[in-house]
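In full-length UniProt numbering, the protein residues as written are 1 to 942.
What follows is a set of notes on a single structure, which appears directly below.
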């Protein structure tokens, strides 16, 4: 009877948190321990590893797919430290150093494998498999009794794997298969081994022989045949050059097993990653971890560092560094839940710091200040601290997670995550952006990061290229629009965990969707803002109606508040792999410094993105057009990529709903929309507060309004403010008609600007989007209700749901696509397809653009023309309501004007909104009707 090897040999020995220190370094060779070609950092790391191995008694074990002779060749070629053990041939051969420079084969291990194979005719089956289609036997020196090796085409690897499975099943052979792709020459590799044999099993057997537990082994790997060992319970290191799918598989397995401290996803490649992992797990010394803030980041008035390690960060598998800025407090105690108190060391400029062992991802903590009568006890390290000596507990201002809400303890977060590569289809240029504004809590019924992933394919199908999330920084309560955040470094707990947010971002990237997040730096939310107890985080000079303003321009401490904000912005980009930031109400970021905080933020984010080699998008909500905001830094501007153009949405709304305003600025029907189309804006201003209509219009040489470059202007027909600032949260199609929405979005989608949709509008969601908060303080609840009425006095608020009522949030969930209009969604898909087509061809661009307006008929015509082709977008808007009849309204007959020599008959109809909604195609344009036509010469003109 044949023996079998257990498929999961270590499951009975798994513990959730490691208790034994590491003793052994076990590593794969190719792609892991061997330096990659041209990787100087890896070569330097090899030297450091050799020094560490010589200085401390750490056994070295090679665990490799190579055959034994090839391992010995690699030791000589790369001048590798000699291992005490070699586990090779994909785990079917084990060799022990004999102490005299040679190695002895481990016969006891081979006997186990012999028992598995039994008396099968090895050579017969080895050759027979080699005769299968696409299989080629590897060289004889790569073969063995327990390892039959083959080359296969890389693109046929899965099919070849299945072919061998079928062969083994047919002949009832006690064998298993290991398949992978050689990352260096792209060969498909297939090995047939005794059933259950692998690198993981060989290492497991070796551990048993030496009475070692899994947590005492640091195993490093990079490829598919390392995966079983990487998820077997060892302290695992996935080097930076490993395929991200493998890294994700390993990370998911560790999470499922409850191992919170056994994985390091190294940034370093090959040898550098091995060194990084050995230091992370404490196998090798890392003197850098023991240095103070003064040594690594000198905090003094004349030498502010680039960044500060705010909050709690893991610096080892079971070690964390805590950095708190609390200049008002001379003595601070770190309380690790449930009952551990640690004195923090006060350093320059009011920073307090501690490095603590015995903590992991998920460890909860909070800060306490020392009572005046116990100051002496704190100063005496021999005195044991107790909670009675301390004041009330407070969360971390830079907490990465608030699992119990903004008032509860903070949590350590492991920020490593195996982000996958962004799909090639992602937008690279401004005109490729088609933005979808999303509130995560109401995008799905569940309102979570993970449930949102399930709807991402809808956005891909629609043609969206970027998601702009409403703020997700932690706010008080169970739901909120997001603009009351107090814990700026922590994602909102109601949506899920930080790791689940990373999964959302990663899922979007793999679908070619960019992800940006709205950040609010003009105020701290009113509930959960404890930061004045720590220091001057907030301003005494400036204030806002929403909450305390950040202290950007304080002459003594303002530089550190600016550092806090800029480091927070970079944190979102770095720790969550986000593609960009939308900075909320940038004109309300009060700062009287010579250099406004927005400019410094832009400068430092650009510097960071250059160092990281990543494209970062910066979007400003300026409320009005700010020319300096999108002017390059090199030309004295602020250097943002784009800004919201509120003038379009409000001038459009004034045209279709004259007399009704959803903003405090007053827009004139028709004429302001014309100016927005011709000039690009109506109101202008800057971050210093000079805002209003242009005193005198700027004209071009033909006496027409001079148009700005609107490629950096984001336009929409509705957004969260537009809808939510209405007392009942009604959407545009509910305030007007579906036909009006379809006509209006045609203008927005086909302008030479950046179009943005608000979630649900693409299928005319029947549900409102109301303003909602969930403050626990009754005084704040009353203040919100009064404040809404005060901020928008033009509305009748008697029929609206109170923003503090749970129904305000529940009713705002957008619902399924099926709950809305399939016709509207198909119209949006048509418009997006047309936009992509002509952006791609170069026709839809500012240099080809002109505008024609017939104010009397409310007809707005966009024209794109070159010598050989033309695109005409004709839209007629009207204040007609859904229940008004258009039969009596006269249709007008706009004739598209094309290149010289074209005629009406030569134009081709691309899309007609009335026809799309099931109406008869008319010769002229009806009210709230859009038509798109295209002309192309049969032969290009010279």
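Glycine included, every Cβ here is placed at the ideal spot set by N, Cα and C.
What you are looking at is a predicted structure, and each value in this text was computed from that prediction instead of being measured.
Within a Cβ cutoff of 8 Å, which residues of the same chain sit near residue i, ignoring the five residues on either side of it in sequence?
i           : result
residue 933 : 871, 872, 874, 896, 907, 908, 909, 910
residue 606 : 616, 633, 639
residue 603 : 633, 639
residue 770 : 724, 728, 729, 800, 801, 803, 808, 809, 811, 812
residue 203 : 26, 61, 63, 87, 91, 217, 219, 229, 232, 234
So what does DSSP say about residue i, is it helix, strand or coil?
i           : result
residue 817 : helix
residue 869 : strand
residue 302 : Unreliable placement is indicated for residue 302, whose pLDDT of 30 sits below 50; no coordinate value is reported for it.
residue 431 : helix
residue 834 : helix
residue 669 : coil
residue 912 : strand
residue 926 : coil
residue 516 : strand
residue 214 : helix
residue 121 : coil
residue 281 : coil
residue 495 : helix
residue 33  : helix
By Cβ distance, which residues of its chain are closer than 7 Å to residue i, with the 5 residues on each side in sequence left out?
i           : result
residue 296 : Bear in mind that a pLDDT of 35 at residue 296, under 50, signals an unreliable position, so the number given afterwards is only what the model happens to contain. No residues qualify anywhere along the chain.
residue 451 : 444
residue 622 : 586, 587, 629, 643, 644
residue 670 : 655, 855, 858
residue 37  : none
residue 759 : 436, 437, 438, 439, 443, 814
residue 780 : 526, 527
residue 173 : 120, 125
residue 362 : 260, 411, 412
Looking at residue j and residue i, is the spacing between their C-beta atoms short of 8 Å?
i           : j           : result
residue 913 : residue 742 : yes
residue 414 : residue 312 : no
residue 284 : residue 264 : no
residue 197 : residue 176 : yes
residue 343 : residue 333 : yes
residue 990 : residue 560 : Any question about residue 990 goes unanswered here, given that the chain covers just 1 to 942.
residue 391 : residue 368 : yes
residue 23  : residue 314 : no
residue 404 : residue 366 : no
residue 775 : residue 784 : yes
residue 223 : residue 194 : no
residue 34  : residue 78  : yes
residue 520 : residue 578 : no
residue 432 : residue 839 : yes
residue 434 : residue 49  : no
residue 239 : residue 266 : yes
residue 268 : residue 41  : yes
residue 524 : residue 547 : yes
residue 460 : residue 511 : yes
Within 10 angstroms of its Cβ, does residue i collect 16 or more other Cβ (buried), or is it exposed?
i           : result
residue 95  : buried
residue 55  : exposed
residue 262 : buried
residue 111 : exposed
residue 543 : exposed
residue 835 : buried
residue 483 : buried
residue 538 : buried
So, at 6 Å on beta carbons, what are the nonlocal neighbours of residue i in its own chain, with the 5 sequence-adjacent residues on each side left out?
i           : result
residue 488 : 473, 568
residue 570 : 608
residue 667 : 650, 651, 654
(request) Answer yes if the segment 52-68 comes into contact with the segment 21-34, meaning at least three C-beta pairs across the two stretches below 8 Å, and no otherwise. (result) The segment 21-34 is in contact with the segment 52-68.
(request) Determine, using beta-carbon pairs with one atom in the segment 409-426 and one in the segment 714-733, whether at least three such pairs fall under 8 Å. (result) No: fewer than three Cβ pairs fall under 8 Å.
(request) Check whether the segment 184-195 touches the segment 147-164, counting contact only when three or more Cβ pairs, one atom from each stretch, lie closer than 8 Å. (result) Inter-segment contact for the segment 184-195 and the segment 147-164 is present: three or more beta-carbon pairs are separated by less than 8 Å.
(message) Would you call the segment 251-261 in contact with the segment 228-239, where contact means no fewer than 3 C-beta pairs closer than 8 Å?
(response) Yes, the segment 251-261 touches the segment 228-239.
(request) Decide yes or no for the touch test of the segment 459-473 against the segment 382-393: beta carbon pairs closer than 8 Å, at least 3 of them. (result) When Cβ pairs closer than 8 Å are counted between the two stretches, the segment 459-473 is seen not to touch the segment 382-393, the count staying below three.
(request) Report yes or no: do the segment 756-772 and the segment 818-830 share at least 3 C-beta pairs separated by less than 8 Å? (result) In this structure the segment 756-772 lies against the segment 818-830, because at least three pairs of beta carbons, one per stretch, are closer than 8 Å.
(message) Between the segment 161-180 and the segment 123-143, can you find at least three pairs of beta-carbon atoms closer than 8 Å?
(response) Yes, the segment 123-143 is in contact with the segment 161-180.
(message) Three Cβ pairs or more, each shorter than 8 Å: is that satisfied between the segment 372-380 and the segment 454-468?
(response) Touching, no.
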